[in-house]
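**Student:** Numbering (our numbering), first residue to last: 32 to 262. Think of the CB as a built atom: it goes at the ideal place given N, C-alpha and C, for glycine as much as any other residue. In this text, all values refer to a predicted model and were calculated from it rather than measured experimentally. This structure is in structure tokens; I'll ask about it shortly.
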């Protein structure tokens, strides 16, 4: 299976993410220790209208791939509001999907356990998350779903950074490796290539950034892509 990016209006979504600084440019140290000229954080989307637009993109991505899950699973923590927002978007068309998520730490009282929400046994489950770097959190979530008897039929993230799993030029991307490992589609609303295309084609430019600085940013992003990402 291959990773796919598909959303009806990618340019509008990129503009929203930049406006809310969910997609920011500068100098950032990633969890891996790598220095990146951009950073992606869906936690910056804190208002209903922005989440509604994002949810519509996730739903469109699933529909275009022909996926019809019975349960949407949001890995803690950023996946939780995504699952809720996408389920609400789908409910407007009369499709009532279940929602489930995991706790970071198992609850020791009450019903206990790691899982909260809809029953997973025998259900087709799609996982929703923001971005995939190494894929550790998503793999842990897949293991939880499968242990509970659920069938993982797909994964959707907002941004595919397209970064290779190793420094070898022929290495697959982290997203591609996860798709091959799970044997299900791993979809993305956007990719780094989409962001670069937007920046190259945009006539509006970045807010507060002059043409020279935008060109320098593009150069940095292209070097980063060449060094760390799949072609």
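CA-CA distance, residue 131 and residue 186?
**Tutor:** 14 Å
**Student:** Using CA coordinates, which residue listed in 51, 41, 57 is at the minimum distance from residue 250?
**Tutor:** 57
**Student:** So residue 191 and residue 219 are supposed to be a Cβ contact under 8 Å. How far apart are they, rounded?
**Tutor:** Their Cβ separation, rounded to whole angstroms, is 4 Å, which keeps residue 191 and residue 219 in contact under 8 Å.
**Student:** Bridge partners of residue 155, per DSSP?
**Tutor:** Within the DSSP secondary-structure output, residue 155 pairs in a beta bridge with 182.
**Student:** Leaving out five residues before and five after residue 182 in sequence, what residues of the same chain have Cβ atoms less than 6 Å from its Cβ?
**Tutor:** 155
**Student:** Specify the secondary structure class of residue 35 as computed by DSSP and reduced to three states.
**Tutor:** In this predicted model, residue 35 has a pLDDT of only 48, less than 50, meaning its place in the structure is not dependable; the value taken from the coordinates is given anyway. Residue 35 falls in the strand class under three-state DSSP.
**Student:** Check whether the segment 66-81 and the segment 42-55 are in contact - that is, three or more C-beta pairs closer than 8 Å.
**Tutor:** yes
**Student:** Shortest alpha-carbon distance to residue 116 belongs to which of 83, 127, 148, 100?
**Tutor:** 83
**Student:** Look up residue 206 in the DSSP assignment and say whether it is helix, strand or coil.
**Tutor:** helix
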